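If you read the sequence shown in numbering that gives the first Met the number 0, its first letter stands for residue 0, the second for the next number, and so on. Remarks on the structure that follows.
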Amino acid sequence: MAFIDDHRAEFGVEPICKDLQVAPSTYYAAKTRPPSARSLSDAALSGVITAEHAANYVNAGRILTPWCWLNFDPPDGLDYLVLRWARVR
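Structure below.
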């Protein structure tokens, strides 16, 4: 999507999509689709996790886990939230 956005003024959407073998309707559908629930929750959590990481990276000489920063015991299966944040950073 970013590639098409960057070059659409020069070449147009349809020729780029043809070369990339993507239907132009797919591009337009993706542009108008609302953000997913996952991306919205990631955006909300990212600020909290980043602030806690900066404030509590080292405590008494030991590195704390992300769950210790948040003083939060994750429900089963939600460990991935902070792990995904760390991977994307």
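We put the beta carbon where it would ideally sit given N, CA and C, even for glycine. Keep in mind the model is a prediction, meaning the values are calculated, not measured.
Return yes when the Cβ of residue 83 is within less than 9 angstroms of the Cβ of residue 18, no when it is not. Looking up residue 18 in the sequence shown gives position 19. Looking up residue 83 in the sequence shown gives position 84. For residue 18 and residue 83, no; Cβs fall outside 9 angstroms.
DSSP three-state label for residue 21, please. Numbered from its first residue, the sequence shown carries residue 21 at position 22. Residue 21: coil per DSSP, three-state reduction.
Rounded to whole angstroms, how far is the Cβ of residue 48 from the Cβ of residue 26, which I believe are closer than 8 angstroms? Locating residue 48 in the sequence shown gives position 49, where the first residue counts as 1. Locating residue 26 in the sequence shown gives position 27, where the first residue counts as 1. 32 angstroms between Cβ atoms; not a contact.
DSSP state of residue 14, grouped into three classes? Taking the sequence shown and counting its residues from 1, the one referred to as residue 14 is at position 15. It is helical.
Helix, strand or coil at residue 38 according to DSSP, with G and I counted as helix: Locating residue 38 in the sequence shown gives position 39, counting from the first residue. Three-state DSSP puts residue 38 in a helix.
Roughly how many angstroms separate the alpha carbons of residue 54 and residue 46, rounded to a whole number? Indexing the sequence shown from 1 puts residue 54 at position 55. Indexing the sequence shown from 1 puts residue 46 at position 47. The alpha-carbon atoms of residue 54 and residue 46 are separated by roughly 12 angstroms.
From residue 39 to residue 15, what does the alpha carbon distance come to, in whole angstroms? Within the sequence shown, residue 39 is the residue found at index 40, counting from 1. Within the sequence shown, residue 15 is the residue found at index 16, counting from 1. Roughly 29 angstroms separates the two Cα atoms.
Residues of its chain near residue 6, where Cβ-Cβ distance is below 8 angstroms and the 5 sequence neighbours each way are ignored: Here residue 6 refers to the residue found at position 7 when the sequence shown is read from its first residue. Same-chain partners within the cutoff: 15.
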